[in-house]
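Okay, so here's the structure we're looking at.
Chains as they are written, first to last, in our numbering: chain A, 5 to 438; chain B, 5 to 438.
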């Protein structure tokens, strides 16, 4: 009797139908699997986690506004009704295209069609010291770590008279002026203003500085100039110290140095300044594009392969003149590609020609704080209260699951009227991060 | 500039008032701190966590029914309005009674009155192998670990054809027939019946066995014979295999051996079979009673000390003829002792005599499953649906915080009508337990 759990079998039944393997259940992968319903094919989803994560709201988990469970959804529950769907909890380590075979942490398996939807990873641009000491914001675990860190730092800040040590604990540096950075900085400043003064009467909270650092000349680079301007104005009004045209040179966990020679003491540097594709070993070298993404044609087909596709953040599609380096690494292109690829796989299996992808940019948005958001739509641009309502509405309908929508809505209403953030908890073993 | 965080200062201001230090914010400690409001004294609460945990509902977190945040409450929020209250996140390592001084993980501090409310720890009765391999159910982290383990085991069970390996993954052994064991076994059987068949169509769930093992002759030993009988009947009806008069001899993480020679293969043994007091070093040896509890008199004063008190699970009070070995290690005695001790400290500081403690046993209750609970009150005993309503009502009003009550209530209503348990998530790093 061997008590060893390690198995070399994925144990996926052979149904005598085409087998479509999807790696990764993010926005793109999920949309794809959904679209493959009713196709006479076996659909296998591999993911490292047993749940989808609604990444756009991770920053609210990190700032005690939302519960983790409100923004995640178990894959098995999502696709319980879908025939011939298989989920496997595991990591895919290697593709062997010549054998139509993948190797995973739970064994190897053949595919007829392979779709790589592994998304993005945080890009530290090779700065190892930074990577070691900075915090990322890509997973639920990351968000809980940030939450633990923020609260623990304030508990420690109480204990010292040393100004430098105190500042290193009470100052927070967020790098990256995209939506994650802007939203996190805004949420943190609301904690500083509305919540921490009640919790930490022993601390002088005017000492708490929130720095938002952006290497480019403006915030929310993907949005309109007006949106950037307003976001900057809102953040400044909320007391966030915004630094434009400033880049991080190094961070040792205690002191961050910038390219202009300035330094800031901080024990918390959240790195939201870059992502890169998260490809899988085994594809030909020439398939890789800038930013570690996989080159695909307009059918999301990986260059040089007939039955391997990539979509979403990990895919850099060629042929869209507006986006010569691939579409923005955000949910909407991934979802649209997932939906079309499902149709194209159906067409392929029915021996019909595939349709090329055309990105419909429906606009983008970011929230800065209470009553403050910026929205760029195709037909209108808007900032302030109504934009904030739109932001909340769009995010609520996008969260998967009715229960999650209700809980999130209720949490928001509660926070709005109480000015409170209820989940300010350090969860995990007392001496560890999580 | 020293980036080292370790401090030797608790940094608690000297207010020129008596300093009351409370170690532990469980049910007893919380009630005590609450009762000390308006006393002209400085009240300092030390806890390893920054939040109170509502332990009676941990089993619902472990079985995906409730979110962690619904059953915890930050201390700073609870006492934000209380003057001269100080919270410190830290562990108390040593008491030096002759100096009225404690040593903690964040430095030393003097006290005028010291109250030990450190509660209980899981008691493995010296069985080291068992302690290493079994799971406990005392903290939020424990509950999340159990949840992760249950779900991960089913994911692994899919992957094997080896019946023994599969059974070790699909069988769960819960040891201890008290409320935690009974409630956990019941909740697990509802997952097996209502949730897992939809999630794990590839598994033969009739292979999933839930064993509840009790060394004594009946379940719910602290309750009436009728309650024990009914709980047993309910659990059997729900498919739980209840073993009475059976004790664990050893558990190596894969196979549990019992005192009658029987063996069960399981990778999940939840140990809810015993608790022991969780005292602090530095008290005289003769203060310790059976079960690692601290002997106290009827004023909760530790034997032989004038200004050191202990209450709740960690205290074994002498002089109550009904409970010669101290009161039951449950929330009600702790809360009643905390409330009275607050009054007694006020009386002591006002140079008035203290009042002796008299335990008011208001009864006890346990839930087994949907529509099924047992309630023993002083004036009536009841089982079934109405008992279940009473159980829910009492627990709802006991949970701290209006928001937590609403979220818990909503979760229960949701689960009741959907037969679903929404939080079936593996949270944490993919390859680790949490």
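We put the beta carbon where it would ideally sit given N, CA and C, even for glycine.
Only a predicted model underlies this, so the values are computations on that prediction, with no experimental measurement involved.
Opening and closing residue of the beta strand (DSSP E) in which residue i lies
i                      : result
residue 371 of chain B : 368–373
residue 46 of chain B  : 46–51
residue 98 of chain A  : 96–100
residue 269 of chain A : 267–269
Residue burial classification, residue i (beta-carbon count within 10 angstroms, cutoff 16)
i                      : result
residue 130 of chain B : exposed
residue 85 of chain B  : exposed
residue 285 of chain A : exposed
residue 7 of chain B   : Note that residue 7 of chain B has pLDDT 44, beneath the 50 cutoff, so the model's placement of it is unreliable and the number below is only indicative. When all chains shown are included, residue 7 of chain B counts as exposed.
residue 102 of chain A : exposed
residue 325 of chain A : exposed
residue 44 of chain B  : exposed
residue 406 of chain B : exposed
residue 438 of chain A : Interpretation of residue 438 of chain A is limited by its pLDDT of 33, a score under 50 that renders its predicted location unreliable; the figure taken from the coordinates is listed afterwards. Its Cβ being crowded by 16 or more others within 10 Å, residue 438 of chain A is buried.
residue 419 of chain B : buried
residue 5 of chain A   : At residue 5 of chain A the pLDDT is 35, less than 50, meaning the model places this residue with poor confidence; the figure from the coordinates comes in the next sentence. Residue 5 of chain A is exposed by the Cβ-count criterion.
residue 71 of chain B  : buried
residue 357 of chain A : exposed
Neighbour flag for residue i against chain B, beta carbons, 9 Å
i                      : result
residue 213 of chain A : no
residue 410 of chain A : yes
residue 128 of chain A : no
residue 155 of chain A : yes
residue 63 of chain A  : no
residue 34 of chain A  : no
residue 202 of chain A : yes
residue 427 of chain A : yes
residue 383 of chain A : no
residue 144 of chain A : yes
residue 206 of chain A : yes
residue 431 of chain A : yes
residue 392 of chain A : no
CB contact below 9 Å: residue i versus chain A
i                      : result
residue 23 of chain B  : no
residue 116 of chain B : no
residue 105 of chain B : no
residue 424 of chain B : yes
residue 111 of chain B : yes
residue 414 of chain B : yes
residue 55 of chain B  : yes
residue 18 of chain B  : no
residue 162 of chain B : yes
residue 405 of chain B : yes
residue 48 of chain B  : no
residue 197 of chain B : no
residue 73 of chain B  : yes
residue 244 of chain B : no
residue 352 of chain B : no
Residues bridged to residue i (per DSSP)
i                      : result
residue 254 of chain B : B:261
residue 305 of chain A : A:313
residue 56 of chain A  : A:77
residue 299 of chain A : A:320
residue 93 of chain A  : A:51
residue 126 of chain A : A:279
residue 412 of chain B : Per DSSP, none; premise fails for residue 412 of chain B.
residue 400 of chain A : For residue 400 of chain A, which the question treats as bridged, DSSP gives no partner whatsoever.
residue 204 of chain A : Paired residues: none, contrary to the question.
residue 184 of chain B : The partner list for residue 184 of chain B (beta bridge, DSSP) is empty, contrary to what the question assumes.
residue 245 of chain B : B:215
N-terminal and C-terminal residue of the alpha helix (DSSP H) that residue i is part of
i                      : result
residue 107 of chain B : Not the alpha helix (DSSP H): residue 107 of chain B falls in the beta strand (DSSP E), residues 105–108.
residue 227 of chain A : From DSSP, residue 227 of chain A is part of no alpha helix (DSSP H); its letter is neither H nor E.
residue 31 of chain B  : 31–39
Note down, in chain order, all residues in the segment 78–93 of chain A with a beta-carbon under 7 Å from any beta-carbon belonging to chain E. Annotation note: the requested chain E is absent from the structure, which comprises protein chains A and B.
For the 8 Å Cβ check, are there 3 or more pairs between the segment 389–397 of chain A and the segment 28–46 of chain B? no
Is the segment 155–165 of chain B in contact with the segment 308–321 of chain B, if contact means three or more CB pairs nearer than 8 Å? no
Three or more C-beta pairs closer than 8 Å, one from the segment 374–381 of chain A and one from the segment 57–76 of chain A: is that the case here? no
Report yes or no: do the segment 136–148 of chain A and the segment 190–201 of chain A share at least 3 C-beta pairs separated by less than 8 Å? no
Segment contact flag, the segment 94–114 of chain A with the segment 228–243 of chain A, C-beta cutoff 8 Å, min 3 pairs: no
Taking 8 Å as the cut-off, does the segment 115–132 of chain B touch the segment 269–284 of chain B (at least 3 CB pairs, one atom from each stretch)? yes
Three or more beta-carbon pairs under 8 Å between the segment 209–217 of chain B and the segment 17–28 of chain A, yes or no? no
Report yes or no: do the segment 164–173 of chain B and the segment 80–95 of chain B share at least 3 C-beta pairs separated by less than 8 Å? no
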